[in-house]
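Only one structure is covered here, and it is reproduced in the block below.
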Amino acid sequence: MQIRWLSAFFDFPAPQFGDEVTFWRAIAGSTVSPPRGERKEFASLEPFTGDPHLRVQRIDDGDGGLHLDLHLVDHRSAITECAAAGASVLDQDDPMFAVLRSPAGLPFCLNEWQGETVRSRPIRWPGASISIIDEVLITVPRKDFDAELAFWSTITGWAIDNSPPQSDAPASARFVRRDPLPLSVVLTPVADASVGAQVSLAATSVPDEVARHEDWGATVVADATTSVLMADPVGRPYRITNRNPRSGR
Numbered sequence: 003m004q005i006r007w008l009s010a011f012f013d014f015p016a017p018q019f020g021d022e023v024t025f026w027r028a029i030a031g032s033t034v035s036p037p038r039g040e041r042k043e044f045a046s047l048e049p050f051t052g053d054p055h056l057r058v059q060r061i062d063d064g065d066g067g068l069h070l071d072l073h074l075v076d077h078r079s080a081i082t083e084c085a086a087a088g089a090s091v092l093d094q095d096d097p098m099f100a101v102l103r104s105p106a107g108l109p110f111c112l113n114e115w116q117g118e119t120v121r122s123r124p125i126r127w128p129g130a131s132i133s134i135i136d137e138v139l140i141t142v143p144r145k146d147f148d149a150e151l152a153f154w155s156t157i158t159g160w161a162i163d164n165s166p167p168q169s170d171a172p173a174s175a176r177f178v179r180r181d182p183l184p185l186s187v188v189l190t191p192v193a194d195a196s197v198g199a200q201v202s203l204a205a206t207s208v209p210d211e212v213a214r215h216e217d218w219g220a221t222v223v224a225d226a227t228t229s230v231l232m233a234d235p236v237g238r239p240y241r242i243t244n245r246n247p248r249s250g251r
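Each residue of the sequence shown is one higher than the one before, counting from 3 in this note's numbering.
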């Protein structure tokens, strides 16, 4: 199956939805699209240049999180391929998308591609920082890591970047981003009992970027050599990383 576009989808509980959209809109430097869906539960964070790759959803149950949307010309045929590779199909009734779960338990969606082709440009903020949300970091329990890596390699066909590690997690597997896809995907083994996902920003000046986020209510959780683990105003984890915002490296 050929993946034509990727989206990082923030799943926000209803009581947090407005505040969370405000925060992430500001961090991404975007506007918010008109709501869509039967209950007006979906929206896109619209960049000033390019096609959207960040989207939001209001959910009624659970703590929320982050999931990937894979956009394809024919998402229905991809359901069979994903299931054969080890995914569980949760919902395939909608004609435009299907909801699945990876072998380690990470929800993701297969969507009909709507012609997105233009990756948004990084934003130059007042001061020194240039940044963009350009990466999804999937954290996988160590016992499930090999199976999860094999699954994503199989369904995407992406190669693994074998260049020297550029992060504080050398055991991570980083897939080579294919143009014009707007997001890189990284799998990292962790001691946690369950799988999860978070976004990572590439920034030219991590201290300036951290300060900008703190002004919007985020907090620093851990400061490492090449990245800072942050929490948004409701505690959602994400990273600010010392990477080139244009190349992602």
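Here a beta-carbon is modelled for each residue, glycine too, at the ideal position from N, C-alpha and C. This one's a predicted model, so the numbers in the text were calculated from it and none came from an experiment.
Residues near residue i in its chain [Cβ-Cβ closer than 6 Å; skip 5 each side]
i, result
"Pro172", "Caution applies to Pro172, whose pLDDT of 48 falls short of 50 and renders its modelled position unreliable; the model cannot decide the point."
"Thr156", "Ala87"
"Phe44", "Arg38 and Gln59"
"Thr119", "Pro182"
"Val333", "Residue coverage of the chain in this structure runs from 3 to 251, which leaves residue 333 outside it and unanswerable."
"Leu1", "Only positions 3 to 251 of the chain appear in the structure, and residue 1 is not among them; the question remains open."
The alpha helix (DSSP H) enclosing residue i, as first and last residue numbers
i, result
"Glu48", "Run containing Glu48: none in the alpha helix (DSSP H); it sits in the beta strand (DSSP E), Phe44 to Glu48."
"Thr158", "Phe147 to Thr158"
"Val23", "Phe19 to Ala30"
"Glu83", "His77 to Ala86"
Option nearest residue i by Cα separation, candidates the options
i, options, result
"Lys42", "Leu56, Thr33 and Ile61", "Ile61"
"Glu216", "Ile81, Leu72 and Gly237", "Gly237"
"Val138", "Leu70, Thr243, Pro15 and Ser249", "Leu70"
"Phe110", "Asp146, Leu72 and Thr221", "Leu72"
"Gly117", "Phe14, Ile134, Trp7 and Asp234", "Trp7"
"Phe153", "Asn164, Ile134, Val101 and Gly107", "Gly107"
"Arg123", "Val101, Leu203 and Pro36", "Leu203"
"Glu48", "Pro105, Gly67, Trp26 and Asp65", "Trp26"
Cβ-based neighbour list, residue i, same chain, cut-off 7 Å, excluding 5 preceding and 5 following
i, result
"Ser207", "Ala130 and Ser131"
"Met98", "Asn113 and Glu114"
"Ser186", "Asp136, Glu137, Arg176, Phe177, Arg179 and Gly250"
"Leu231", "Val223, Ala224, Pro239 and Arg241"
"Ala195", "Pro143"
Three-state secondary structure (DSSP) of residue i
i, result
"His215", "helix"
"His55", "coil"
"Asp136", "strand"
"Ala205", "strand"
"Arg245", "coil"
"Asp71", "strand"
"Asp95", "coil"
"Arg41", "coil"
"Ala171", "In this prediction, Ala171 has a pLDDT of 49, which is less than 50 and means its spatial position is unreliable; nothing more can be read from the coordinates."
Short CB-CB distance (under 8 Å) between residue i and chain C
i, result
"Asp63", "Protein chain content of the structure displayed is limited to a single chain, and chain C is not contained in it."
Bounding residues of the beta strand (DSSP E) (the contiguous stretch that carries residue i)
i, result
"Asn113", "Pro109 to Glu114"
"Met232", "Ser229 to Ala233"
"Pro182", "No beta strand (DSSP E) contains Pro182, which DSSP labels as neither H nor E."
"Asp13", "Trp7 to Pro15"
"Ala2", "This structure gives no information on residue 2, because the portion of the chain shown stretches from 3 to 251."
"Asp225", "Thr221 to Asp225"
If we count Cβ pairs, one from each stretch, closer than 8 Å, do we get three or more for the segment 67 to 84 versus the segment 25 to 40? no
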